[in-house]
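Residue numbers (my numbering): 161 to 375. Ideal placement from N, C-alpha and C gives every residue a C-beta, glycine not left out. Note that this is a predicted model, so its numbers are computed, not measured. Structure first, then comments.
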């Protein structure tokens, strides 16, 4: 029995030694393509420049002032066209409540009304990205499950914001291009036009909204 204990002890020592050797070998293994840590150098970040860049990025500017001028309640007259040959467009009315949020950085509008006999609610956000130097808008409503994202710029000469984006067509399940033109008629009147694409790639005007600010 004693001999057995001695044999087992020797076996355990052997196994322990083997494990230690494997561990040592594994820690010494270096991949051929690896780069020694001491050779990797990183450039120091200029904290002052970074702070200045972020300060400019988060500070409202002239475009944000233009968005703030839209704050208020607006009556909307909507006209819809189902296709380029639609001669009997659908019409409806809605109300938009517009405000600035997050310290005047974003414009948010809540649209409520009726569309094709059903209660309708939509929410839009409008941003002016100081870094990208362009407008970015999002749209969601209770008649879909997607988020529409569009980007564009303001043209002072025509007083319009022209934006473009892509959406997935619920019928074809394919991506198609869309565009939007917002025209500032006067301080209390705006026109929004939406342009859609047919399955064969033909563009048509799908919606027009005339907005009048409530006094």
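- Only residues of its own chain outside the window of five on either side were considered, and among them 264, 265 have a CB closer than 7 Å to the CB of residue 220, listed in chain order.
- Between the alpha carbons of residue 359 and residue 243 lies a distance of about 10 Å.
- Take residue 229, set aside five residues on each side of it, and the residues of its chain with a beta-carbon closer than 8 Å to its own are 347, in chain order.
- Around the beta carbon of residue 256, 16 or more other beta carbons lie within 10 angstroms, which makes this residue buried.
- Sequence-distant partners of residue 354 (beyond 5 residues in either direction) whose C-beta falls short of 6 Å from its own C-beta, in its chain, are 340, 366, 367.
- Residue 269 holds the alpha-carbon nearest to the alpha-carbon of residue 298 among 292, 277, 269.
- Two segments are said to touch when three or more pairs of C-beta atoms, one from each, lie closer than 8 Å; by this definition the segment 206-221 touches the segment 285-295.
- Taking C-beta separations shorter than 6 Å and ignoring five residues to either side along the sequence, the partners of residue 313 in its chain run 294, following chain order.
- The Cβ neighbour count for residue 317, taken over all protein chains shown within 10 Å, is under 16; the residue is labelled exposed.
- Excluding five sequence positions before and after residue 304, the CB atoms of its chain that fall closer than 8 Å to its own CB belong to 330, given in chain order.
- Taking C-beta atoms as the reference points, residue 369 and residue 237 count as a pair closer than 8 Å.
- Per the C-alpha coordinates, the member of 247, 306, 285 positioned closest to residue 296 is 285.
- Burial state of residue 209 is exposed, judged by a 10 Å Cβ sphere holding fewer than 16 other Cβ atoms.
- Rounded to whole angstroms, the separation of the alpha carbons of residue 333 and residue 361 is 14 Å.
- Across the structure, residue 282 and residue 336 are spaced so that their CA atoms are roughly 21 Å apart.
- A straight line joining the alpha-carbon of residue 226 with that of residue 206 spans about 33 Å.
- When the Cα atoms are used, residue 276 and residue 252 turn out to be separated by approximately 8 Å.
- With 16 or more neighbouring CB atoms inside 10 Å of its own CB, residue 267 falls in the buried class.
- Beta-bridge partners of residue 284 (DSSP): 269, 299.
- In the three-state scheme derived from DSSP, where H, G and I count as helix and E and B as strand, residue 226 is classed as helix.
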